[in-house]
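Notes follow the structure.
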Amino acid sequence: MASIISTCDISSLVSTLFLLILLAIPNTANGFGLKLIPRTEIDSSLFPKNISLLETHKRLVQLSRTRSLSFNQIITPENLKPRVINVLTSIYVVQMLIGTDPSFSTFLLMDSGSDDTWLQCDGCVNCFPLGGGSFKYHASKTYKAVSCNHPLCVPKLCTQQGLCLYSIRYGYNAFSGGIVSAENFTFPDTVEDSISFQNVVFGCGLDNQNIQFGAPLGDHNFIAGIIGLGTGSRSILSLSTSTNLRFSYCFTPYSSPAPYSYLWFSDDARINGDFKTTPLVERGIPRYYVNLKKISLNDIELPIDPSLFVLRDDFNGGFALDTGSGQTSLVNSAYQVLKSFVDSHFSEFGMDPITDRELPYDLCYDVPAAGKEYSRPSMTYHFDGDGADLVVDGSQVVQDFDDIFCLIVLPRSNDEGPSLLGSYQMVGYRFLTDVRQKTISFVPEMCSNA
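Count the sequence shown with mature numbering (1 follows the signal peptide of the UniProt record, and there is no 0) and you get residues -31 to -1, 1 to 419, in order.
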């Protein structure tokens, strides 16, 4: 397989990758839901149960930093250079079954910044460790390879043996390639129920080089690949008859006893109350960009140049909602303004930043002695739209770690962007994304596995 893939034209491969065309057998007529599970719950390779909250955040910070750095590696349809992307650091997974008699149970990394779906298959010539083994596609009664005369396959992608191939290059020399295939996908839905789709076109990964989902993998890795939830045509949202190109989510805090959430589609993707709406910015990139006009701290507008958040013609800049990131990351100039104002806020209480310890965050303080009062600042993201202000509670701006607390926003190394709103600062809200209407709506809601 490695030699077959290497003979193909990479430029053509990456520009004509498979679409997700799904024929749904929904358990309800109006929609369905997928259970979102934080990696901290199932990924013992990266998040063993005996590490502290601070150590957990160190690892989450590394995932978010790696992810944000990769987001400015963009290719336009006119650019024939190989696409290099890095979505292997998302922090939510989806549990699934693939195939029939027998079916294969595994987890896929859910990524809203990518369209592509693939998983590792048995017989791979280059493989990553996977507890329970890889998908034994030859044993499934419903598996089939996509033929070269399939409308999704271009003759240039075919081998002499009649196989239609795919190839995806990630950052850090990671690569997944294999056979474009079709199979039944089943996802656990709500309580004691499931949702199945027939003939899902996906990548059966047989050549997976340097794949690391944020850390060196061991036998305790149970993540088999990626499921894409981006805005492009290869996304799971291409299941338009069942998703209606709309989905909603409401994240529970990571510290809650059951921190999983649900990703709802179609009519099950609902939002109630006095919700606010902001338009999506469309540039042909599989990410959820919005227009951010300004940021406030405790209702005081920060002196940040708004052009830093504008998505430019060269695809740099911009502000995106990214469920795959834990921490919010801002371009450096914007972050430095935020950091200065947060520091000024705590200096009013006689508090000085920690400078003598290596910590995962840039701005941290010692918790003051008992009885000393202080407050946590709130942040507000002012989006385009009538009153589309996302107010982030102080508990999602500053995080406690035993005897210290830190500003849990990350700086980017430069101003190229994009800036990303991570899932930590989405807690306390329900979000509804409607790709057909080109909008994102949100409303305050304290969610409990909803």
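Beta carbons are placed, not taken as given, at the ideal position from N, Cα and C, and that holds for glycine. These numbers come from a predicted model, not from an experiment.
Beta strand (DSSP E) runs wholly inside the region 131 to 170, at least 3 long, in chain order: 134 to 139 and 144 to 157
CA nearest to the CA of SER316, picked from ALA303, ARG326 and CYS333: Residue numbering aside, residue 316 sits at position 347 when the sequence shown is read from its first letter. Nearest of ALA303, ARG326 and CYS333 to SER316, Cα basis: CYS333.
Secondary structure of MET415, DSSP reduced to three states: By one-based count along the sequence shown, residue 415 stands at place 446. Of the three classes helix, strand and coil, the one that applies to MET415 here is coil, per DSSP.
Proximity to GLY242 [Cα-Cα], best of THR75, GLY(-1) and PHE400: Taking the first residue of the sequence shown as position 1, residue 242 is located at position 273. For the residues THR75, GLY(-1) and PHE400, the minimum Cα distance to GLY242 belongs to PHE400.
DSSP three-state assignment for VAL306, whether helix, strand or coil: Against the sequence shown, residue 306 aligns to sequence position 337. Helix, per DSSP.
Inter-residue spacing [alpha-carbon to alpha-carbon] between SER309 and ASP176: As a position in the sequence shown, residue 309 is number 340, starting the count at 1. As a position in the sequence shown, residue 176 is number 207, starting the count at 1. Cα-Cα distance, rounded: 47 Å.
For GLY386 and GLY287, believed in contact at Cβ under 8 Å, the rounded distance: For the purposes of this step, residue 287 is taken as the residue at position 318 of the sequence shown. For the purposes of this step, residue 386 is taken as the residue at position 417 of the sequence shown. Contact flag correct, Cβ pair sits at about 5 Å.
Cβ-Cβ separation, GLY131 to GLN116 (assumed contact under 8 Å), whole Å: Numbered from its first residue, the sequence shown carries residue 116 at position 147. Numbered from its first residue, the sequence shown carries residue 131 at position 162. The residue asked about is misnamed: residue 116 is Ser in this sequence, not Gln. About 7 Å; that satisfies the 8 Å criterion.
Cβ neighbour criterion (16 or more within 10 Å) applied to PHE171: To locate residue 171, count along the sequence shown from 1; it is residue 202. Buried is the call here.
CA-to-CA distance, VAL311 to residue 471, given in whole angstroms: Nothing about residue 471 can be read from this structure; the chain reaches only from -31 to 419.
Member of THR349, PRO329, GLY199 and LEU290 whose CA lies at the smallest distance from the CA of LEU271: Numbered from 1 along the sequence shown, position 302 holds the residue referred to as residue 271. That would be THR349, whose Cα lies nearest to the Cα of LEU271.
Reference GLY199; option with closest CA among HIS189, ARG215 and THR210: Along the sequence shown, one-based indexing puts residue 199 at 230. Checked all of HIS189, ARG215 and THR210; the closest Cα to GLY199 is ARG215.
Proximity to VAL404 [Cα-Cα], best of LEU249, GLY397, VAL306 and ASP283: As a working mapping, residue 404 is identified with position 435 in the sequence shown. VAL404 has its Cα closest to that of LEU249, out of LEU249, GLY397, VAL306 and ASP283.
Simplified DSSP assignment, three categories, for GLU24: Along the sequence shown, read from residue 1 onward, the residue named residue 24 stands at position 55. Correct three-state label for GLU24: helix.
Neighbourhood of ILE(-11) by C-beta distance below 6 Å, restricted to the same chain and skipping five residues each side: As a first step, residue -11 must be located in the sequence shown, where it is residue number 21. With a pLDDT of 34 at ILE(-11), under the threshold of 50, the modelled position of this residue cannot be trusted, and the question is left open.
Any alpha helix (DSSP H) of 4 or more consecutive residues that is wholly inside the region 262 to 347: 301 to 316
Same chain only: Cβ atoms within 7 Å of SER59, ignoring 5 sequence neighbours per side: Residue 59 sits at position 90 when you count from the first residue of the sequence shown. For SER59, where only same-chain residues beyond five positions count, the Cβ hits under 7 Å are LEU78, MET79, ASP80 and GLY293.
Residue closest to GLU251, alpha-carbon to alpha-carbon, out of GLY68, LEU280, PRO322 and ASP237: Position 282 of the sequence shown holds residue 251. Residue LEU280 is the option with its Cα nearest to GLU251.
Selection from LEU290, LYS125 and ASP353 that minimises the alpha carbon distance to SER83: For this step, residue 83 is matched to residue 114 along the sequence shown. For SER83, the nearest C-alpha among the options comes from LEU290.
Spatial distance of ILE409 from THR246 (CA atoms): Counted from its first residue, the sequence shown places residue 409 at position 440. Counted from its first residue, the sequence shown places residue 246 at position 277. Each residue's alpha carbon lies about 6 Å from the other.
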